[in-house]
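From first to last, the protein sequence lines are chains A and B. For the first sequence, position 243 matches number 242 in numbering that gives the first Met the number 0, and the numbering has no gaps at all. For the second sequence, position 279 matches number 278 in numbering that gives the first Met the number 0, and the numbering has no gaps at all. Heads up, the beta-carbon is just placed ideally off N, CA and C, and yes, glycines get one too. This report concerns only the one structure given below.
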Amino acid sequence: MRPWVSQVGLRWVGLALLAALPLTGMGNYPLHLAIMCLLWGFVYTAWALMGRLGMVSLGHGAFLGIGAYGVVMGWNNFGLSPWIGLPIALALSALVACVIGWPCFRLKIVGHYFALVTLALSEVARMIIVALRDQTGGSLGVTPNTALADQTWSLSALQFSSKLTWFYIMLAAWLAGLWVWTRVDRSMARLALEAIAHEEDAAASIGIDVTRLKLGVTVISALMTCVGGVLYAQYQLYVNPETVSGIGISLQMVFGAIAGGMFVRLGPTVGAVFTLLLAEVLRLVLGHDIHGLDTTVYGLLLVLFIIFMPKGILGAALEAWQRPRAKPHLTSL
Amino acid sequence: MQIFDVFLLEAVVNGVLLGGILALLALGLNLIFGVIDVVWICYAELIMIGMYAVYYLYVVYGWPLWLACVCSIAFIALLGAALHQYVIRPVLRAEPINQLLVTGGVLFLLQGVATLVFGIEFKNLGVRMPTLELGEMFLSVARLIAFVVALLGMIGVYLFLKRTYLGTAIRAIAQDREIMPLMGVNPSRVFLFTSALGGALAGLAACLLVLQYDIHPAIGLSFGPITFLVCVLGGLGNMIGGFIAAFIFAQFISVGGYLFHLEWGYVIAFVFFIAVMFWKPRGLFGGKS
Chain A
0 MRPWVSQVGL RWVGLALLAA LPLTGMGNYP LHLAIMCLLW GFVYTAWALM GRLGMVSLGH
60 GAFLGIGAYG VVMGWNNFGL SPWIGLPIAL ALSALVACVI GWPCFRLKIV GHYFALVTLA
120 LSEVARMIIV ALRDQTGGSL GVTPNTALAD QTWSLSALQF SSKLTWFYIM LAAWLAGLWV
180 WTRVDRSMAR LALEAIAHEE DAAASIGIDV TRLKLGVTVI SALMTCVGGV LYAQYQLYVN
240 PETVSGIGIS LQMVFGAIAG GMFVRLGPTV GAVFTLLLAE VLRLVLGHDI HGLDTTVYGL
300 LLVLFIIFMP KGILGAALEA WQRPRAKPHL TSL
Chain B
0 MQIFDVFLLE AVVNGVLLGG ILALLALGLN LIFGVIDVVW ICYAELIMIG MYAVYYLYVV
60 YGWPLWLACV CSIAFIALLG AALHQYVIRP VLRAEPINQL LVTGGVLFLL QGVATLVFGI
120 EFKNLGVRMP TLELGEMFLS VARLIAFVVA LLGMIGVYLF LKRTYLGTAI RAIAQDREIM
180 PLMGVNPSRV FLFTSALGGA LAGLAACLLV LQYDIHPAIG LSFGPITFLV CVLGGLGNMI
240 GGFIAAFIFA QFISVGGYLF HLEWGYVIAF VFFIAVMFWK PRGLFGGKS
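The structure is reproduced here in C-alpha cells:
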C-alpha cells in the first residue's frame, strides 16, 4: 500500500508547523523551552555525529566552553564583536580538536581510553576558565556587557531582546545541524567510518585512511559544538564554567544523545526535548523546595535507558514501527 | 631563598601524602577494571556516600568514630556489590562503552539522592586534627594518618590477592576470563566479591577523606576525574602502575599548585596526562589491552 502522504511532504509540513509555533502567541516561558530544545538538539546532534561512530567523547564541554567564553571574553575584554569572536573561537576549537584528535587516532586510543582522555580535556577547559578568574570571572561566571541599553536588538553585538528572533536563529542552527548530519550520513565517509568503528585494523587494511576520516568528523562535530556554545552565551547572556564545560555538561550531552537515540537523525533532538521537558516537569510538579529530586530521577532514567533501551526513544520507536515492514534504513527519518 | 626551599619541600611532602590517597582511590578502580573490565565513573560518588555515612553515624547518632568508619566501609562494600549486581551485570555483554555510561547514570543518581537526603549544605565532622611542626614545615596530622592508613590498606589488598585462595582466583580471572570458568572458578561470584572489595576500598578512602574535607553532594566531581586519570596514566587495570602514577600526579598537583596557583597545578597535571597519552597510549606502565 502506498502511503498517501510522502515522507518528504510530511517533513515539510512538520517544519512549517514548527516554524509557525511561536506565532500562535505562546507565552515567553514555552517559547524559552522551545529555544532551549532547538539549541540543545543542535548540540546533541553535533555530539552524536561522532558518538554514533564509536567515538564516545566526554570532552565536548571543552568546545562548548571555547565557543561561549571565546565570544564573551572577546566582547568584554577587547571589545570584539561576536562576529569576530566566532571565527576565532571556531579556529581555536578546530585546533584543539586536531591537537587532541590526531594523536588519539594515530595511536588508536579508542573506547575507554578515548573517553577518559577527552574527559581530561573538558576538565582542563573548565579549570583553565576558573584559573583565569581575573579575566573570566572564575566560577561565578560572566555576563557579556549589554548592547541593549537603548535598543531592543544589536546585530553587531549579536544580542536580541526578542525571544522570537532567537527562536528563528536556533531553528536555523538546528536545521543546519540536521543538514550536516544528512550530508555526512550519505557520504562514502560514513560507510568508511562505520567500518572503522567495527574493526579499525581491517578498515585500514582495505585502504581507508582511518586517522584522516576520524579527524574530519571530529573537527566537524567540534565546530558545531563551538557554535552551540556561542549561541548559548549570546542567548542566555550569562556563562559559567560549570554549565559550559567540565564533566557534568559533557556527560549530559552524551546522555541526551543516547536517551533520544544517537543512531537516527532526529534522535539527539528527541533526547534534548525529553531531558529538558523532564527537568521542567519535575521542577513544576515538585517545586523548588525539593533539591536533588530532578537529578535523582534523571540519573535513574539514564540507568534504565542504557540497560533496557540502548537505542534510545526514537531508535526503539522506529525499530518497533519498521520491523513489520522490514525497512533497513533507520537513518532516513 | 632559604624560606623558598622549605615551602617547596613542604609542597613535595604534601604531594607524597596526597599521592597515598590517590593511590588508594586508583587501586579500587584498577581492581574493578582489571577483573571485570568496567570503569566505574561513579566511583567518587560511592566515596561521597561513604563520607556521609561516617558523618551521620559519628555526628548525628554519636557512635564512636572507629565504629562509624568500620560500618561505613561495610556499607559501601555492600553498595559496590549491589552496583555490580543490579547495574553492571545487565549490560556486561553489551558494548563496553555502555558499561561506562551506565555508571555515569549512577553518578547523577547518587548525587541526586545525596542532595535529596542530605541537602546541599556543607557538612563537617568537627574533628580538629593537630598540625605537626617538623623543622620549619607544617604538616597536617589528618593527611599523615590518611597516608599511613592508605598504605596499610594497599598492603592488605596486595597480601590478600597474593596469599589467599580467593585472591588467587581474582588474579586468575583478571588474566584470562575464558579459561578460568573451566578451571572451576565461578566468575559471577568473583565479580561480585571484587565489586564489594572495590566498594570497601572506596569506603576506606571515604573515612580518610572525611577527616580532611567538608562533605557536600558534588564533592565526588572534585576528585573523581583525577582518579580516572591516575588509573589511565598508570595503565588501566595495572595496579602497580596506578600506584606509581598516583605519586607522580600528586607531585604535579602539589608542586605545580605551589609554584603557580592551585588550579594551575591541576591544569599542569592534566596537560601532562594528555601529553603522556600521546607518548604511551596504554599508560606509563602499560595496561590491559
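I'd like to confirm the pairing. Which residues does DSSP put opposite residue i in its beta bridges?
i	result
Phe137(B)	Glu132(B)
Phe159(A)	Trp152(A)
Lys161(B)	BP columns for Lys161(B) are empty, so no partner.
Val231(B)	Partner(s): none; Val231(B) has no beta bridge.
Lys213(A)	Looking at the DSSP assignment, Lys213(A) forms no beta bridge with any residue, so it has no partner.
Val141(A)	Val238(A)
Lys122(B)	Ile214(B)
In whole angstroms, what separates the C-alpha of residue i from that of residue j?
i	j	result
Leu14(A)	Gly40(A)	15 Å
Val156(B)	Thr193(B)	11 Å
Leu15(B)	Val147(B)	Checking the displayed sequence, the identity of residue 15(B) turns out to be Val instead of Leu. Spanning the two alpha carbons is a distance of roughly 11 Å.
Phe273(A)	Ala188(A)	30 Å
Ile119(B)	Gly245(A)	20 Å
Leu143(B)	Met136(B)	13 Å
Ala124(A)	Gly64(A)	7 Å
Met238(B)	Val53(B)	27 Å
Val302(A)	Val116(B)	20 Å
Leu147(A)	Phe159(A)	8 Å
Arg88(B)	Ala156(A)	52 Å
Cys36(A)	Tyr60(B)	46 Å
Ala88(A)	Val229(A)	9 Å
Ile40(B)	Gly219(B)	10 Å
Glu333(A)	Met169(A)	Shown here, chain A extends from 0 to 332; a query on residue 333(A) therefore has no answer.
In chain order, what residues of the same chain lie with their CB nearer than 6 Å to the CB of residue i, ignoring the 5 residues before and after it?
i	result
Phe121(B)	Asp213 and His215
Gly50(A)	Ala256 and Met261
Leu52(A)	Leu192 and Ala196
Ser249(A)	Leu57, His59, Gly60 and Ser121
Ala195(B)	Ala76, Gly79 and Ala80
Gly33(B)	Ala173 and Gly236
Ala194(A)	Ala202
What are the boundary residues of the alpha helix (DSSP H) that includes residue i?
i	result
Ser194(B)	Pro186 to Leu208
Glu193(A)	Met187 to His197
Arg282(A)	Gly266 to Leu285
Pro86(A)	Pro81 to Arg105
Asp213(B)	No alpha helix (DSSP H) contains Asp213(B), which DSSP labels as neither H nor E.
Val123(A)	Gly110 to Ala130
His59(A)	His59 to Phe77
Ile246(A)	Ile246 to Gly259
His31(A)	Asn27 to Gly50
Leu16(A)	Gln6 to Ala19
Leu292(A)	Leu292 to Phe307
Asn97(B)	Pro95 to Phe117
Establish whether the CB of residue i and some CB of chain B are separated by less than 8 Å.
i	result
Glu122(A)	yes
Gly269(A)	At residue 269(A) the sequence reads Val, which differs from the Gly that was named. No, Val269(A) does not count as interfacial toward chain B.
Ile83(A)	no
Val253(A)	yes
Leu106(A)	yes
His59(A)	no
Leu250(A)	yes
Tyr237(A)	no
Tyr68(A)	no
Val42(A)	no
Phe62(A)	no
Ile246(A)	yes
Thr151(A)	no
Ala315(A)	no
Thr295(A)	yes
Ignore the nearest five residues each way along the sequence and tell me which others in residue i's own chain have a CB closer than 8 Å to its CB.
i	result
Val140(B)	Met128, Pro129, Thr130 and Leu131
Ala168(B)	Met179, Val184 and Val189
Leu17(B)	Arg142, Ala249, Ile252 and Ser253
Please confirm whether residue i has its beta-carbon closer than 8 Å to some beta-carbon of chain A.
i	result
Trp263(B)	yes
Ala67(B)	no
Ala43(B)	no
Ala93(B)	yes
Phe227(B)	yes
Leu115(B)	yes
Suppose the cutoff is 7 Å on Cβ atoms and the five residues either side in sequence are ignored; what does the same chain contact list for residue i look like?
i	result
Cys103(A)	Phe113 and Val116
Phe159(B)	Gly166
Cys68(B)	Val53 and Cys206
At 9 Å on the CB atoms, spell out the chain E contacts of residue i, in chain order.
i	result
Gly233(B)	Included in the structure are the protein chains A and B, with no chain E among them.
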